[in-house]
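Q:
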Amino acid sequence: PGGKIALDWYYPSQTGKLVAYGLSRDGSENSTLHVIEVATGKEVGERIPNTRHASIAWLPDDSGFYYTRYPEGDRYNRHVYFHRLGDDPAKDAYVHGRENDKTDWTNVRITPDGRRLFIEVSKGWSVSEIWLLDRKENELSKVIPASLGSLFEQPTWIDDRIVVRTNHRAPKWRVVAVDPDDPEPEEWETLIPEGAWPIEYVQHVGGRLAVVRLEKAVSKLELYGEDGRFQRKVELPGVGAISALDGEADGDRVVFAWGSFLQPVGLHELDLDEATTRELVTVRAPDVSQFTVQQLDYPSYDGTLVPMFLLHRKDVKPTGGNPTLLTGYGGFNISLSPRFSASALYWVEKGGVYAVANLRGGAELGEAWHEAGRLSNKHQVFRDFEYAMRHLIRSGWTRPDRLAITGGSNGGLLMGAMMTQAPELFAACVGRVGLYDMIRYHRWPPAELWVDEYGSSDDPKQIGYLLGYSPYHQVLPGVDYPAFLGLTARADTRVTWVHTAKFVAALQQAHAGKAPILFHIEEKAGHGAGKGRSDRVKEEVMMFRFIEAQLGLGAGDGKPIPAPKRR
Numbered sequence: 002p003g004g005k006i007a008l009d010w011y012y013p014s015q016t017g018k019l020v021a022y023g024l025s026r027d028g029s030e031n032s033t034l035h036v037i038e039v040a041t042g043k044e045v046g047e048r049i050p051n052t053r054h055a056s057i058a059w060l061p062d063d064s065g066f067y068y069t070r071y072p073e074g075d076r077y078n079r080h081v082y083f084h085r086l087g088d089d090p091a092k093d094a095y096v097h098g099r100e101n102d103k104t105d106w107t108n109v110r111i112t113p114d115g116r117r118l119f120i121e122v123s124k125g126w127s128v129s130e131i132w133l134l135d136r137k138e139n140e141l142s143k144v145i146p147a148s149l150g151s152l153f154e155q156p157t158w159i160d161d162r163i164v165v166r167t168n169h170r171a172p173k174w175r176v177v178a179v180d181p182d183d184p185e186p187e188e189w190e191t192l193i194p195e196g197a198w199p200i201e202y203v204q205h206v207g208g209r210l211a212v213v214r215l216e217k218a219v220s221k222l223e224l225y226g227e228d229g230r231f232q233r234k235v236e237l238p239g240v241g242a243i244s245a246l247d248g249e250a251d252g253d254r255v256v257f258a259w260g261s262f263l264q265p266v267g268l269h270e271l272d273l274d275e276a277t278t279r280e281l282v283t284v285r286a287p288d289v290s291q292f293t294v295q296q297l298d299y300p301s302y303d304g305t306l307v308p309m310f311l312l313h314r315k316d317v318k319p320t321g322g323n324p325t326l327l328t329g330y331g332g333f334n335i336s337l338s339p340r341f342s343a344s345a346l347y348w349v350e351k352g353g354v355y356a357v358a359n360l361r362g363g364a365e366l367g368e369a370w371h372e373a374g375r376l377s378n379k380h381q382v383f384r385d386f387e388y389a390m391r392h393l394i395r396s397g398w399t400r401p402d403r404l405a406i407t408g409g410s411n412g413g414l415l416m417g418a419m420m421t422q423a424p425e426l427f428a429a430c431v432g433r434v435g436l437y438d439m440i441r442y443h444r445w446p447p448a449e450l451w452v453d454e455y456g457s458s459d460d461p462k463q464i465g466y467l468l469g470y471s472p473y474h475q476v477l478p479g480v481d482y483p484a485f486l487g488l489t490a491r492a493d494t495r496v497t498w499v500h501t502a503k504f505v506a507a508l509q510q511a512h513a514g515k516a517p518i519l520f521h522i523e524e525k526a527g528h529g530a531g532k533g534r535s536d537r538v539k540e541e542v543m544m545f546r547f548i549e550a551q552l553g554l555g556a557g558d559g560k561p562i563p564a565p566k567r568r
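In our numbering, the protein residues as written are 2 to 568.
(1) Is A484 near A526, with beta carbons less than 8 Å apart?
(2) Just the Cα atoms here: how many angstroms apart are P194 and L554?
(3) Which same chain residues, not among the five before or five after V294, have their C-beta less than 8 Å away from its C-beta?
(4) Determine the burial state of P472: buried for a count of at least 16 other Cβ atoms within 10 Å of its Cβ, exposed for fewer.
(5) Check whether the stretch 388 to 407 touches the stretch 319 to 328, counting contact only when three or more Cβ pairs, one atom from each stretch, lie closer than 8 Å.
(6) Less than 8 Å between the C-beta atoms of S336 and A218, yes or no?
(7) Would you please verify whether the beta carbon of G4 is less than 8 Å from any beta carbon of chain D?
(8) Do the CB positions of V45 and L19 come within less than 8 Å of each other?
(9) Quick one: is the Cβ of G46 within less than 7 Å of any heavy atom of the ligand SAH?
(10) So, is F231 buried or exposed, given that buried needs 16 or more other C-beta atoms within 10 angstroms?
(11) What runs of the alpha helix (DSSP H), each 4 residues or longer, lie entirely inside the stretch 188 to 239?
(12) Kindly indicate which residue of Y225, S344, S56, Q422 has the alpha-carbon position closest to the one of H205.
(13) So the beta strand (DSSP E) A343 belongs to, where does it begin and stop?
(14) Can you tell me whether G374 is buried or exposed? The criterion is at least 16 other CB atoms within 10 Å of its CB, across all chains shown.
(15) Please list the segments of the beta strand (DSSP E) lying wholly inside the stretch 377 to 442, counting only runs of 3 or more residues, in order along the chain.
(16) Per DSSP, which one or two residues make a beta bridge with I243?
(17) Can you tell me where the beta strand (DSSP E) with S654 in it begins and where it stops?
(18) Is P472 helix, strand or coil by DSSP?
(19) CB-CB under 6 Å to P563, same chain, minus the five flanking residues each way: which ones, in chain order?
(20) Tell me the DSSP bridge mates of K143?
(21) Buried or exposed: P50, going by 16 or more other Cβ atoms within 10 Å of its Cβ?
(22) Leaving out the 5 sequence neighbours to the left and right, which residues in its chain are closer than 7 Å to G417 when beta-carbon positions are compared?
(23) Taking the alpha carbon of L467 as the reference point, which residue from K137, L376, N31 has its own alpha carbon closest?
(24) Could you give the DSSP three-state label for G465: helix, strand or coil?
(25) Is H84 helix, strand or coil by DSSP?
(26) Buried or exposed for P199, going by 16 or more other Cβ atoms inside 10 Å?
(27) Taking all protein chains shown into account, do 16 or more other C-beta atoms lie within 10 angstroms of the C-beta of A369, making it buried, or fewer, making it exposed?
(28) Decide if L326 is buried, meaning its Cβ has at least 16 other Cβ atoms within 10 Å, or exposed.
(29) Secondary structure at A506, three-state DSSP: helix, strand or coil?
(30) Classify P287 as buried or exposed, calling it buried when 16 or more other Cβ atoms lie within 10 Å of its own Cβ.
(31) Could you give the distance in angstroms between the alpha-carbon of T328 and the alpha-carbon of E185?
(32) Considering only the alpha carbon of each residue, which of P13, D102, T107 lies closest to S64?
(33) Below 8 Å on the Cβ atoms is my contact criterion, and I expect G196 with K221 to pass it. Report the Cβ-Cβ distance as a whole number of Å.
(34) Would you report the Cα separation of G510 and K539, rounded to the nearest angstrom?
(35) Which one of Y470, Q422, P424, L426 has the shortest CA to CA distance from I440?
(36) Rounding to the nearest angstrom, what Cα-Cα distance links W348 and V496 in this structure?
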């Protein structure tokens with residue numbers, strides 16, 4: 002039948018002969034699992050429904066895989082099953098999950114020999130635990146418990162020990178080796194200690210540990226021995242971000258994806274023996290010689306220094322009136338690292354400034370940075386963004402009538418907070434698939450997953466601070482609000498479109514000014530994943546037309562943006 006089909010995720014088998022992948026309709030992310038044979042392009046076996054955001058761990062011989070699945074019609078209770086190719090999925094063996102809370106998030110990974118399966122269970126965004134299934138002995142045990150109150154990620158098996166990245170007693174992360182027969186923390190061996198910059202990723206490859214660190218959101222790649230001894234730093238192409246890294250434990254190369262504000266993501270290969278890198282897949286970039294990227298630290302309301310990137314043409318200077326577009330996120334331990342954006346280049350090519358603030362709540366500076374923007378500290382995320390605007394204005398990059406802001410999802414909540422807390426600092430705001438009613442947000446599945454990050458109005462100790470910033474509840478009559486465009490989608494199964502509809506309605510009723518308050522809902526689209534190129538282009542065009550109209554700018558002629566008349 003009609004509708005748009007999206008590829009949600011995919012997992013190649015260890016041999017590369019088969020690929021498990023998920024398809025969903027209209028951006029809903031309600032995936033159905035398929036398996037394809039690479040050589041022939043033919044589908045193999047039965048399709049498996051209810052595999053939303055599935056995690057897959059293939060057996061080495063391609064005979065089957067462990068995977069995560071939901072009960073029919075449920076967006077909670079993510080459990081692990083085993084599927085053997087050719088079997089009826091309805092009869093797949095249950096492995097793990099019934100002992101978990103319904104909001105726990107489970108991922109699986111298997112050792113290269115197929116003997117051991119790691120089951121990673123995240124209990125929110127600050128605590129996790131690890132289970133180990135010994136397939137030879139058919140024994141499942143919890144080796145690292147959630148009671149330690151920390152995160153444990155990317156486990157691998159080296160010399161009969163579990164090597165894992167953790168922020169336990171190390172807010173900027175360390176790499177430890179855990180004996181599964183004696184897993185108490187005092188018995189762990191620290192292989193790579195906590196350093197000045199957070200460890201974002203570790204991969205066992207070629208008898209080494211490849212480690213990605215973040216230096217204020219910029220990726221750095223280092224190599225260590227299996228014993229944790231530092232070997233060398235790997236030179237990367239520039240100021241950018243590694244978005245993926247992989248390799249075989251007994252191989253001789255590391256393959257990683259790297260990109261930046263000025264370079265689309267390409268695939269690179271590091272030869273471990275020769276210590277050389279080469280680009281495997283190049284994505285042709287436009288001429289970016291006229292642009293420059295700088296990173297600065299600005300003071301927030303309490304003196305905390307917050308990193309921020311600025312992208313602009315080399316001839317653009319802080320003369321006080323540059324049209325500026327600022328974005329941020331600030332939550333869920335997610336970093337806003339340098340990434341290529343054709344939309345950002347469109348903006349700066351015409352003379353604008355594009356700014357990205359690395360707010361508290363993210364992972365850019367470690368777990369302490371995340372905790373500083375979580376739960377009752379969420380107000381600090383909003384203050385950080387407010388002071389990013391103040392810094393851009395104070396430093397002469399822009400002024401309020403030339404400043405626009407945008408953000409999506411949790412960043413949409415940020416936009417709502419700015420509309421209600423600092424409307425005098427900017428002229429236009431675009432909020433995408435945002436949360437705006439923070440009192441009832443958890444009643445729309447699967448939003449109970451986020452209670453660990455935001456809190457819940459069901460808790461008397463948390464309802465006060467939620468009500469204190471909930472954008473929908475902070476709209477006040479008689480305020481001259483900036484222009485606002487609320488973008489949402491009917492098939493969004495993460496953040497319901499009702500948030501945007503309610504917030505826009507409240508703004509329209511209370512608004513005392515003349516700036517437009519607009520609402521747009523896409524009928525066959527979701528939260529963002531699976532959105533087709535044409536839909537993305539349509540949304541970007543809509544956003545920039547709106548922003549440019551509110552800032553008094555010409556659009557689409559390729560010429561420098563003229564100075565507008567002041568309001």
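Backbone N, C-alpha and C define an ideal beta-carbon position, used for all residues, glycine too.
A: This is what the structure gives:
(1) For the purposes of this step, residue 484 is identified with residue 483 of the sequence shown, where counting begins at 1. For the purposes of this step, residue 526 is identified with residue 525 of the sequence shown, where counting begins at 1. Not in contact: A484 and A526 (Cβ atoms no closer than 8 Å).
(2) Residue numbering aside, residue 194 sits at position 193 when the sequence shown is read from its first letter. Residue numbering aside, residue 554 sits at position 553 when the sequence shown is read from its first letter. Approximately 51 Å, taken between the alpha carbons.
(3) The residue labelled residue 294 in the question sits at position 293 within the sequence shown. Taken in chain order, the residues that qualify are V240, S261, F262, L263, F310, L311, L312, P339.
(4) Position 471 of the sequence shown, counted from the first residue, corresponds to residue 472. It is buried - the Cβ of P472 has at least 16 other Cβ atoms within 10 Å.
(5) yes
(6) Reading the sequence shown from its first residue, position 335 is the one you call residue 336. Reading the sequence shown from its first residue, position 217 is the one you call residue 218. Yes. Within cutoff.
(7) Annotation note: the requested chain D is absent from the structure, which comprises a single protein chain.
(8) Within the sequence shown, numbered from 1, the residue matching residue 45 stands at position 44. Within the sequence shown, numbered from 1, the residue matching residue 19 stands at position 18. A contact, by the Cβ cut-off of 8 Å.
(9) For the structure depicted, the ligand SAH is absent and the ligand set is empty, with no information on it obtainable.
(10) Numbered from 1 along the sequence shown, position 230 holds the residue referred to as residue 231. When all chains shown are included, F231 counts as exposed.
(11) none
(12) Residue numbering aside, residue 205 sits at position 204 when the sequence shown is read from its first letter. Ranking Y225, S344, S56, Q422 by Cα distance to H205 puts Y225 first.
(13) Looking up residue 343 in the sequence shown gives position 342. Looking at the DSSP string, A343 is not in any beta strand (DSSP E); the run it does join, the alpha helix (DSSP H), is 343 to 350.
(14) To locate residue 374, count along the sequence shown from 1; it is residue 373. Classification for G374: buried.
(15) 404 to 409, 429 to 433
(16) As a working note, residue 243 is residue 242 in the sequence shown. Per DSSP, W259.
(17) Residue 654 is absent from the model: the chain starts at 2 and stops at 568.
(18) Counting from 1 along the sequence shown, the entry for residue 472 is found at position 471. The answer is helix: DSSP assigns P472 an H, G or I state.
(19) For this step, residue 563 is matched to residue 562 along the sequence shown. With a pLDDT of only 45 at P563, under the threshold of 50, the placement of this residue in the model should not be trusted, and no figure is reported.
(20) Translated into the one-based positions of the sequence shown, residue 143 becomes position 142. DSSP output for K143 lists W132 as bridge partner(s).
(21) If you number the sequence shown from 1, residue 50 lands on position 49. The residue in question, P50, is exposed, as its Cβ has fewer than 16 Cβ neighbours within 10 Å.
(22) Residue mapping note: residue 417 aligns to position 416 of the sequence shown, counting from 1. G432, G435, Y437, P472, F504.
(23) Counted from its first residue, the sequence shown places residue 467 at position 466. Among K137, L376, N31, the Cα nearest to that of L467 is on L376.
(24) Numbered from its first residue, the sequence shown carries residue 465 at position 464. Of the three classes helix, strand and coil, the one that applies to G465 here is helix, per DSSP.
(25) For the purposes of this step, residue 84 is taken as residue 83 along the sequence shown, with counting starting at 1. Three-state result, H84: strand.
(26) The residue labelled residue 199 in the question sits at position 198 within the sequence shown. P199 is buried by the Cβ-count criterion.
(27) As a position in the sequence shown, residue 369 is number 368, starting the count at 1. Classification for A369: exposed.
(28) Position 325 of the sequence shown holds residue 326. By the 10 Å Cβ count, L326 comes out buried.
(29) In the sequence shown, residue 506 corresponds to position 505, counting from 1. If DSSP states are grouped into helix, strand and coil, A506 belongs with the helices.
(30) Looking up residue 287 in the sequence shown gives position 286. When all chains shown are included, P287 counts as exposed.
(31) The residue you call residue 328 lines up with position 327 of the sequence shown. The residue you call residue 185 lines up with position 184 of the sequence shown. Computed Cα separation, rounded: 43 Å.
(32) Position 63 of the sequence shown holds residue 64. The shortest Cα separation from S64 among P13, D102, T107 belongs to P13.
(33) As a first step, residue 196 is located in the sequence shown; it is residue number 195 there, counting from the start. As a first step, residue 221 is located in the sequence shown; it is residue number 220 there, counting from the start. Not quite, the Cβ-Cβ distance comes to about 10 Å (not below 8 Å), so this is no contact.
(34) In the sequence shown, residue 510 corresponds to position 509, counting from 1. In the sequence shown, residue 539 corresponds to position 538, counting from 1. First, the amino acid is wrong: residue 510 is Gln here, not Gly. One C-alpha to the other measures close to 28 Å.
(35) By one-based count along the sequence shown, residue 440 stands at place 439. Ranking the options by Cα distance to I440, first place goes to Y470.
(36) Start at 1 with the first residue of the sequence shown, and residue 348 comes out as number 347. Start at 1 with the first residue of the sequence shown, and residue 496 comes out as number 495. Each residue's Cα considered, the two are about 28 Å apart.
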